[in-house]
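In case it helps, the UniProt record's numbering puts the sequence shown at residues 1 to 1820. For every residue, glycine included, the Cβ atom is placed at its ideal position computed from N, Cα and C. Structure, as structure tokens:
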Amino acid sequence: MIGACSNFFWVTKKNILLFWRSWFQAIFVIVVPLLLVSVLVFLRGRATREVVLQPLNWSSFRVDSGFYFSHKYMAYAPNDTINLQIMNTVYMYTNLQPFGFKTEGEAVAFFQSDDVRSKQTLGAVIFDPFSNFSVTSYTIRLRSKSDWSTRVLFPMFFKGGPRSKDIAASPPNYKEEFLVLQYAIDRSLININCKVNDSSQKLKVVLQRMPFPPYIKDEFIIVIQKQLALMLILGFIFPTLYCTRLILIEKQRGIKEMLKLLGLGESTYWFSWLITNLFVFTLISLFLSILLCFPLSGNGPILGLSNPLLIFSSLLLYGISIFTFGFALSTLFNSAHTGVALVCTVLIVISLPYPLLERHYNELNLFIKLFTCLLPSLGMGFLCILIGQFEGAGLGVQFSSYFKPASPDDNLSIHLLCSMFIFDSIVFLILTHYISAVWPGKYGIPKPWYFPFLCLYRRKLTFEVLLDDLKPNELTRNVEETTGSLSLTNTAGRNQEFQTSQQTSTNNTDFVASDPFPEKNEPLLEYNDDGDDTLEQPSASSPDTYEYFESEPIGLQVGISIDHLCKVYSNKQSTVVAVSDLTMNIYEGQITVLLGHNGAGKTTTLSILTGLYPPTSGTACIYGHDIRNDIEGIHENLGFCSQHDVLYDTLTVEEHLYLSAHLRGCDNSTIEQQVERTLRKIYLHDKKKEYTKTLSGGMKRRLSIGMALIGDSKVLILDEPTSGLDPEARRQVWDILQAERQEKTILVTTHYMDEADHLGDRIAIMSGGELKCCGSPLFLKAKYGAGYLLSIVKQSSCSSEYVLKQVKHHIPNAFTRSDYGEEIRILLPLESIDKFGNLFEDLESNKISLGISSFGVSVTTMEEVFFQVSKQTNIVSCRNRETRESRRKTIEQSRFTSETKVDHKQLRNQGFLFYRQQFYALMTKRYIFTKRNLIFVFSQIIVPIAFTLIALFIFHHLLNKNNSPDPRLDLSLKPYGKDLLLTFSNEAEGWEKRQNTDQFIQSYMRQFDNKQVTPIEFNTSTGSYEDHLLKQIAIPHLFYFRLKSIIGLVVNTKSTPKDNIISLRAYFQGESFHAAPISLNAVVNGFLQYLTSVNQTICPSLTTNNSPPQIYVSNQPLPETKEERAKQIDEIEGLMRVVVAGFPLASNILFAASYLASCFGFFPVYETVTKAKHLQFVSGVKLALYWISIYMWDMCIFFLSVGSILLCFMVFNLEQFALGERFHNLVILFGLFMWAVLPQTYLLSRLFRSPTSGLVWITAINVFTASIGLIMVGLLSHPMIHQQAVGVCLMYFWIAISPSFCLSHGIFQLFINYQFRQVCDSPLVQFLCLVDQVNACCLKTCDPFCAYWTSNELSYELGGVGAHLTALLIHGFLYSSFVLISDSSIGRNLKICLIILYRRFRYRHHNSELLLLNQYHDDLSFDDSNLPAEDVDVRQHRHLVESLPYARLREQTSLALCRVSKTYGSVNPRCKQSRKPAVDRLSLAIPPSECFGLLGVNGAGKTTTFRMITGDLEPSSGHIIVVGHDLNRNLRKAQQSLGYCPQFDALLPYLTGHETLQLFARLRGVHEGLLNTEIDQLLSDLNLTSLAHVLVSRYSGGNRRKLSVAIALVGETPLICLDEPTTGVDPISRRHIWDLLLKYRRQGRTLVLSSHSMEECEALCSRVSIIVNGRMKCLGTCQHLKARFGHGYSLNVQVRIPMVNHHLSSLNTEPTVSSTSSSYVPSVVISPHVPHQLSLINAVDNVDSFIKREFPDARLVDRHQGVLQYHLPTDGRNQIRLSHIFNLMETNKTRLGLLNYSISQTTLEQIFIDLIKLQEPVNQ
């Protein structure tokens, strides 16, 4: 538990550090929601507020007389006698002639018909069946002239003040029609059932609206209620996307699995991200709460009545639910690109239904509301509705309202929403954990879908059952296997098993990479095996193959035991066997090196051992832990270094090590010491505070090894730990591993054979997934080696044939292995070793006559062993081998002949044909991208269509009123809930009157339920009823006054008793829609009960039942007719409906357009980041053609998307858009938007270094800018805000800066202009305006309620879109110009000029010498006073280059660099004082047909030099000439003349190898007739023919490197630049590349290459220079450098292990042999007895004493397992002859008990190591 807490703390700390150190993005993520809400703060300050100090009072009104109905008739149903009698009585009161229908349906159908009488009929009264008159109910159904709001009791949102100032405050027809008719029917029922005469009590009633207390008139509440949800939902999307992107990047790159390898649990991983995001969203929620709840503007806070703590907690809970939703979505994707795009889409889509849900909010039941809250964005929408309701009602979100709905119409409270947010978060976390376990993605072992239930099954297992299942012998065998001892088998059984397994092995011919389904992107951590050459099925092995497996070490513990391991990848197309029945042991205390060609299965094996991939069959045990069921136990003691550095750019070296140490569970008290010790081990102590992004490649690699070492893990697995490192860095890594070898099990893979030779105690070679041999280096050399390699450095007069003849004189079987450049290598058979001494004496004495500068000898290298194993297993097909041998002979025969040089111009198209071919190539590239990324392309069409359909559906629904029939509403207090307040007062004077009125009040109160209604009586003697109501209820409790005080009663009988009249004032709550008819009905029912209680004889028909008489009234409007639906409502309400309907349409179209536009930034960002764009420019592509091709193809896809969007408009057939001229205007708007937004997207794409981040942030920029514009312009244009002029100014501002705003607001303008024209463009309105009527359509007199419209939609008036279209046209031209300028020489020179001007004007008084260093064009001089000490060769060459005229440099060189410098960092010279240049005044000239090699450590300046030569970087000073073209003057022409292989492959993964070469061949203008021939030849030369039609994304690292070389060679460019062309390539492939480069050099092409392989430079380069600190330290041929700087020999000896027979016999032990199918690993299991160790030690000591006696200056370099390595120095005092060493060793070989020995001369690599010790770190 403590370890899990520690892991959680450190991983969380890591996440937070990474978040804040990417400070720009972190600030942007936090600021985006704040800026959106700041818009509301700005509007809050602009909106007007008015304090109304006096309460509002309304006069009473009568409903019994004084009304004239414009209709003649009144319908009723059913048509019976009683109802006819009632309606005839009603006719007496209303003068509405009744006519009846049998059923209600007939009556409704009558009103829907075209009958003339229906137009003259007011409505219908529907009587419910009744047996007697004691309980009567009826429904009044009037026409839908206005919204009767029978679905709700209150408005959805309250304002600060009264709902309306109308005297009735209800739907208008209540007062004019409904109440009069209701009272007439009630009076009719009373008259029919009661004997009313002059002596009877009569009722006189008036209705009066309750007074409203003083208030603040604040129209901004409308903004809160309508826009707060949009701001918050939109604001939280971007932080969620950013955090989800970080998780997906870790998943895609394998960082998550790497953390798990360090010991991090799955739950801890997700919990750490939960806390990290909680921290981020807490900050966001806190700042948002401050913006919302604190007065930051002159008009007070946005949410002035709400508790900030509750607002903060609600926002935070929503934030948790939305980012956990992002967690769950992230588990569904492996690619960050695809994942972020789709998560963005999902987050936007789930928010789109909100406008519809808001429209029908009060109609939704509680279950539906809570269910929709499973989508957090909709829950936030509901939360904002409640906040707006409480704010408008005058209460705000307080603890008192936290658990209550805001209205009786509602059933949802804030506490339920917050509970749903918590529930959502828990559900999403469970889903996240489950999906990530069942479907971990590319890396990790998936669990079964039922894994949560396994615990239930395991509980049933008991220890006794386990004992019954395992027999004693099985337990013993399991223990033996766990400890690494394999069971004894006889030889026959072994052979039989071997042969059977061999027959079942699977063909691996088509194997390209271990993982057949790699992502198209290139992750930082890659577990794919390299697949370099096409493999063939190895021939069946025989028992003779066992001789290639050395007996296993004596006395060492098995650390890793691999048992019949198999891994098969399969899909619908093929089945690939990556590892086939592998069995081997790896021992503690040794370094085991695993070799194999690209695709042999090495990395797959390592991935299985580390738990990244599950095995198909078989298993492996690591110190007793089985990989199948105890991978967590393995991780506790496993240190792993992946093939690629898995590091965080913004964590320091020290933080990486602390993180690794804590995850490994190191003791806290020792962690600091372990980190310090590890820093010193990896030579990074002085860099411990540096970010890893500032480290060189070698430093990063050492850090990765340090992370594997820390924690003292028992097992180290290192996958190509030195790949891409310079020799010095490799040796540092070797030293680290050698120091860690003791008591650790170390497994290493590598492509460097010298590394395997140096490190490997045991070396295993795999091929085709099978183990082919295993043993010590000397054992394998003895088995596979053909002898010694004699390396002879020739002078110009040397003849290779004559030298070979002289060698054969001594050793007849000798033959030439290679003859490259100035070096010839001759193979000397091992059996002739006794003749070596005489041979060397002969060569030493005849060096001058033979033309030999120097010679050396080395034993067969591991590379030769690797070649021999490859031949035996038929890695290379016979055809390719014969072709290569034939080519080698041809090369050797023609080495000194001058081949015909190629005329490069004749091979290329020129002029128009060249441009057409380039354009065709670029368009073909985009076509292939589209074809192979259909999902991505379809998303560009489908997602906008989905957004548009949703937008149009919502728009159509919001624009039209709800056409479903209005429900029936019972006009009573029951729907209002409990705790209602019924206020009343009795103003009667006199005892008799008081008695009657008190009796009436009792009857009145009797109709209500005491549990629902609380009566409150006001004493009118101390004040009026209105005063008491205001002081006691309305002012102190406005919220409850609105919701609970619905009706009231005042009895006012001022007439004499003889009048028998009860005079009443029925009060009703004006904030409720239906309080007036309820209050009237309550009075009537009270009067009925009063009559029956006073004298039952008055109303005999009402007293037949024991229950009191009651009249129930309902309201149900008639369905709308077509005419009513077509009629427009008044201008103000129509204006509001237009805005409400148009805004969601504009915003949703904005989402669609923004996503669509950002997708077109993906391709430019990807090509820029991968350097594919630069490589295409280097290949000669024209700038204009490049962007035109991208623009045209994107425009085609854009046309499809926009066409689909416009088709959606047509399908909906909306008259606002889809008809006639309006549709044409819409098409023009979309067309110009395409023209403008594409170049804008291309320009924005230059800001990003990841396609994913580009997709997210370009979408964010478009949505953010346009949304703010829409909201601000829309709200400020609202008449209630009174800021229309400001809104117009802001509209033009946003039109000028945002194409997305132009589109969305343009659509909005087209819509509202049409709507207003429908109302305003008529002669009647024009007549009204002439007589100065204030009307919304009268633009001169309408202020502030203006409906801006124009008859010409393309005009520049406010109602037109002329300004929008013009702005889009200008945007397109401006952005297109900026795109072209930024990539052109104009932009390059402009940048240079700006930097120079900045320096001159800001730092004109600064040190002139420093300014001179940073000038771009300086005068050449021979002043060497300010230059550091130079080698004489370097100085002479520099003087030569600088003395040549500029014209001669252009004519006589293929490449010339004149005093070129490059300093990274700020343009501030003061900042540069502490910086060293990456390239320091480099002068170099390379003539045609030369191969020049640049050597140097990582960070020496090689890659910077290449980038400047190819135009990727601008030099800080000096100039570069490429094939006669100055880069500063003619960059594009210079790039057309060179081929470039960058250090990191700049390949397009969606192309095949053949298509890639076709692309670059066409870009270089190769004739179409020669194109395929040249491509096929290149593919054949590089052994890529079988992979020609395989996607590059499936290529291994070796294949990609070869393809990059092919790109550089295609097109016959005169200059070829190769930056580390063979890094990560196996030895066989390297030889292919060397042969090819030599062939091209002889054709007259100039080669410039950098390499970490000294052998490669010796084989290829005519001149070599070693760069240190950006300057050349030496220059010359390899032989020249050896002669000047070389010294000494290297001696390696292996001592034979003595056998002690009497010990073996006493043990009675037989050899234990285990077998594999195609690989035989004999394992001799002998107990470690001391006599064996002592005899080996004695033998080694004996040899050591002999060497030191014969060579006193010998230095022991390494000693382990009987292998000794010495350095024998040679200098002026001590000259050692090679022949003497050989004679001495051969003479004493038997006496010393030597198994093997080797002697080699000091290599170029050693010279390199000596020189680069002067290298200093370069700050970049």
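Three-state secondary structure (DSSP) of residue i
| i | result |
| --- | --- |
| Val1695 | strand |
| Ile1386 | helix |
| Glu168 | Glu is not the amino acid found at residue 168; the sequence shown has Ala there. Three-state DSSP puts Ala168 in coil, outside helix and strand. |
| Leu1794 | strand |
| Asp970 | strand |
| Met156 | coil |
| Asn813 | coil |
| Gln1012 | coil |
| Phe1198 | helix |
| Thr534 | Residue placement at Thr534 cannot be trusted, given a pLDDT of 34 that sits under 50; what the coordinates show is reported in the next sentence. Here Thr534 sits in coil by DSSP. |
Cβ-Cβ distance between residue i and residue j below 8 Å
| i | j | result |
| --- | --- | --- |
| Val223 | Leu40 | yes |
| Ser144 | Pro171 | no |
| Gly1676 | Arg1696 | no |
| Gly837 | Asn1783 | yes |
| Cys641 | Pro721 | yes |
| Ser853 | Lys931 | no |
| Ser313 | Cys293 | no |
| Phe1087 | Leu189 | no |
| His751 | Gly1624 | yes |
Residue i, enclosing beta strand (DSSP E) - first and last residue
| i | result |
| --- | --- |
| Lys217 | Tyr215 to Asp218 |
| Val1237 | Careful: Val1237 lies outside any beta strand (DSSP E), inside the alpha helix (DSSP H) at Gly1220 to Ser1245. |
| Arg1663 | Arg1663 to Val1668 |
| Asp80 | Looking at the DSSP string, Asp80 is not in any beta strand (DSSP E), and its letter there is neither H nor E. |
| Phe127 | Thr121 to Phe127 |
| Ala764 | Arg762 to Ser767 |
| Val1479 | Val1479 to Ile1486 |
Own chain, CB closer than 7 Å to residue i, minus 5 neighbours either side, in chain order
| i | result |
| --- | --- |
| Ser272 | Phe8, Val11, Thr12 and Asn15 |
| Gln868 | Tyr784 |
Span of the alpha helix (DSSP H) around residue i
| i | result |
| --- | --- |
| Ser285 | Glu266 to Cys293 |
| Arg1450 | Tyr1446 to Gln1452 |
Same chain only: Cβ atoms within 6 Å of residue i, ignoring 5 sequence neighbours per side
| i | result |
| --- | --- |
| Leu1175 | Ala1546 |
| Thr1265 | Ser1298 |
- [ ] List in chain order: all unbroken alpha helix (DSSP H) runs of 4+ residues lying wholly within the segment 595-676.
- [x] 602-609, 631-635 and 653-663
Task: beta strand (DSSP E) runs contained entirely in the segment 29-75, provided each spans 3 or more residues - done: 49-52
TODO: Only counting runs of 4 or more residues, tell me where the alpha helix (DSSP H) segments fall wholly within the segment 1507-1557, in order along the chain.
DONE: Runs of the alpha helix (DSSP H) inside the segment 1507-1557: 1531-1536.
TODO: List in chain order: all unbroken alpha helix (DSSP H) runs of 4+ residues lying wholly within the segment 683-723.
DONE: Runs of the alpha helix (DSSP H) lying entirely within the segment 683-723, each at least 4 residues long, are 697-709 in chain order.
Open item on the list: Please give me, in chain order, every unbroken run of the beta strand (DSSP E) with length at least 3 that falls completely inside the segment 737-806.
Closed with: 745-749, 762-767, 770-775 and 787-794
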